[in-house]
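Enquirer: The opening residue of the sequence shown carries number 186 in my numbering; numbering runs sequentially from there. Backbone N, C-alpha and C fix where the C-beta goes; we use that ideal spot for every residue, glycine too.
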Amino acid sequence: MRQMTVPSFQQAIDVVEAMQPEDQEALIELIRRRLIERRRADIARNATETLRAVREGRAQYGGVEDLRRDLLGKEE
């Protein structure tokens, strides 16, 4: 099995700068879309965990003051 080496940030920049401008733009768009998809996947994972917590009774409800009270450990 061949191990992949990860180029340094500067090496990646050098490779991108050597590309044609159209290829650079295509790469930027590809990276932007992949970041969006990764963030969507993160949001979906968080939503799934939140729904699970609600179903299991681990979620707490309240307003900002309730949160503040819980974080500070104060009963008002």
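(1) The alpha helix (DSSP H) that contains residue 210, what's its start and end?
(2) According to DSSP, is residue 188 part of a helix, a strand, or is it coil?
(3) Which of the three DSSP states, helix, strand or coil, is assigned to residue 197?
(4) For residue 253, report the span of its alpha helix (DSSP H) as first-last.
(5) Report all residues from its chain with a CB closer than 7 Å to the CB of residue 262; omit the five preceding and five following residues, and keep chain order.
(6) Quick one: Cα of residue 250 to Cα of residue 239, how far?
(7) Alpha carbon to alpha carbon, how far is residue 226 from residue 244?
Expert: With the given structure in hand:
(1) For the purposes of this step, residue 210 is taken as the residue at position 25 of the sequence shown. It spans 206 to 240 - the alpha helix (DSSP H) in which residue 210 sits, taken as one unbroken run.
(2) By one-based count along the sequence shown, residue 188 stands at place 3. Of the three classes helix, strand and coil, the one that applies to residue 188 here is coil, per DSSP.
(3) Sequence index remark: in the sequence shown, residue 197 carries index 12 (1-based). The answer is helix: DSSP assigns residue 197 an H, G or I state.
(4) As a position in the sequence shown, residue 253 is number 68, starting the count at 1. Its alpha helix (DSSP H) spans residues 249 to 257.
(5) The question about residue 262 has no answer here: the residues shown for the chain are numbered 186 through 261.
(6) On the sequence shown, position 65 is the one that residue 250 refers to. On the sequence shown, position 54 is the one that residue 239 refers to. Their backbone Cα atoms lie some 20 Å apart in a straight line.
(7) Against the sequence shown, residue 226 aligns to sequence position 41. Against the sequence shown, residue 244 aligns to sequence position 59. Near 21 Å, if we compare the C-alpha coordinates of residue 244 and residue 226.
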